[in-house]
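Read the structure below first, then the notes.
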Amino acid sequence: MKVVIDEDKCVGAGQCVMAAAEVFDQRDEDGIVVLLDATPPESRRAPVEDAAVRCPALAIEVLP
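Here's what the structure looks like:
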């Protein structure tokens, strides 16, 4: 799996971090998403997909 984020769309809601903190974080200065692991293991697919669904700005894309 590959995770792609669009920082320009991110609104800093933090839903991704709450869903998958091992894959996502936020910048201290503005709350914009930081991708910690662009290719997380398959065992993390469910929380990563949950993060993508929760994102109010649709800034996260999960690829096969």
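Counting along the sequence shown from 1, when you hit position 34 you're at 172 in the working numbering, and nothing is skipped either side. Glycine residues also receive a C-beta, built at the ideal position from the N, C-alpha and C atoms.
Any idea which residues DSSP pairs residue i with across the strands?
i: residue 170; result: Bridge partners of residue 170: none, in fact.
i: residue 164; result: 171
i: residue 140; result: 201
Go ahead and label residue i buried or exposed: buried means 16 or more other beta carbons lie within 10 angstroms of its beta carbon, across all protein chains shown.
i: residue 186; result: buried
i: residue 158; result: buried
i: residue 176; result: exposed
Give me, in chain order, the residues of the same chain whose beta-carbon lies closer than 7 Å to that of residue i; leave out the 5 immediate sequence neighbours on both sides.
i: residue 142; result: 199, 201
Between residue i and the rest of its own chain, which residues show a CB-CB distance below 8 Å, the 5 nearest in sequence each way excluded?
i: residue 153; result: 189, 192, 193, 194
Going residue by residue through the region 173-201, where are the continuous alpha helix (DSSP H) segments of at least 4 residues, counting only ones entirely within it?
Segments of the alpha helix (DSSP H) lying fully in the region 173-201: 183-192.
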